[in-house]
Structure formats: structure tokens, C-alpha cells
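These notes concern the structure reproduced below.
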Amino acid sequence: MMMRVTHPSSQATAWSKLRVLIADDDPILRMALSGLVKRLGHEVAVARDGREAVEAAVEQDFDLLLLDLRMPGMDGLEVATRLRRGNGGRKSPWIVGLSAEPSGEAFGMDAFLLKPVHLGDLSRVLERFGRGREPF
């Protein structure tokens with residue numbers, strides 16, 4: 001299987017624990033983001049590309065997806081479009097776009113984070129969605 005679900009750290013948070021899927025073709029960024037999300041007390045699964053992200057999101061329920069907007073093959077925007085169109089009546093996860101440069105490509109995402117992702121920025125996004133608030 002292309003993904004690995006890990007248990008979060010014991011750090012207590014003031015919001016709900018989220019199940020987060022990280023999809024990025026860069027293994028170093030996947031590892032770094034995974035570490036940050038776990039440090040904030042959430043569960044993490046990873047996908048190496050858009051195809052794996054779609055498969056994982058169909059097989060499991062995630063609260064939030066962190067999607068690289070520039071993955072080869074199927075980028076984050078295409079992943080988001082496919083999942084929102086074909087969720088089979090299931091609750092759609094929050095979708096956060098990731099990119100090294102700001103652009104209009106994040107249209108259709110619930111939020112956007114600039115790479116490299118900083119812990120404070122990630123924490124604010126996860127807290128907002130963990131509290132059940134509306135997208136930015």
C-alpha cells in the first residue's frame with residue numbers, strides 16, 4: 001500500500017485531532033510535513049503522487065488533505081477536482097494547496113500554504129479546520 005498511517009504525538013491540542021493526508025512528490029518535503037503534522041498531534045498518511053492521493057482518499061476518510069499543486073502526472077488541483085466530484089455522498093475533506101510560489105492555481109482549495117511550510121502557518125490552518133470553522 002502506498003500510504004502509512006502513523007499515530008500522533010501525545011501533545012495535547014485545543015482542537016480536534018485530524019486525520020491528514022499529505023501528497024507531495026518530494027520525499028524530503030513529505031517527511032518534513034509529516035513530522036510537523038504529527039508534532040501538532042494529528043494522524044498522518046502520505047502519498048507519493050496524485051494517483052496515490054486519490055486512491056487513499058477513496059479508501060479512507062480524511063479530515064484534511066495537504067496537496068502539492070505541482071506533482072507530475074496528476075497535480076493537486078486535479079486531485080481536488082476528482083475527489084470533490086466523485087465523493088459518493090461522503091463528507092468532503094478540507095483541501096489545502098501547497099506550492100513554492102504563490103499563484104492563482106490554488107483556486108478551488110479551502111486554503112493555501114506556501115512552501116517551505118512553517119510550523120506556525122501549518123498550526124493555524126490545522127487549528128482552524130480542527131475547530132470546524134469555514135475555509136479562509
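First residue of the sequence shown? That's 1 in the UniProt record's numbering, and the numbers climb one at a time after it. Don't be surprised by glycine CBs; every beta carbon is placed ideally from N, CA and C.
Practice task
Give the DSSP-derived three-state secondary structure of V96 in the structure shown.
Solution key: Position 96 of the sequence shown, counted from the first residue, corresponds to residue 96. Residue state, collapsed to three classes: strand.
Exercise for the section: State the beta-bridge partners of R19 as determined by DSSP. Expected result: Residue numbering aside, residue 19 sits at position 19 when the sequence shown is read from its first letter. According to DSSP, which records beta bridges pairwise, R19 is partnered with E43.
Problem - Separation of V20 from H42, as counted between CA atoms - result: The sequence position of residue 42 within the sequence shown is 42, counting from 1. The sequence position of residue 20 within the sequence shown is 20, counting from 1. In a straight line, the C-alpha of H42 is about 7 Å away from that of V20.
Problem - Separation of V125 from K38, as counted between CA atoms - result: Walking along the sequence shown from the start, residue 38 turns up at place 38. Walking along the sequence shown from the start, residue 125 turns up at place 125. In a straight line, the C-alpha of K38 is about 14 Å away from that of V125.
Practice task
Can you tell me which of the three DSSP states L69 falls into?
Solution key: Within the sequence shown, the letter at position 69 stands for residue 69. DSSP places L69 in coil when its eight states are reduced to three.
Practice task
Run the CB neighbour count on L67, radius 10 Å, all protein chains shown included, and call it buried at 16 or more, exposed below.
Solution key: On the sequence shown, residue 67 is found 67 positions in, with the first residue counted as 1. That one is buried.
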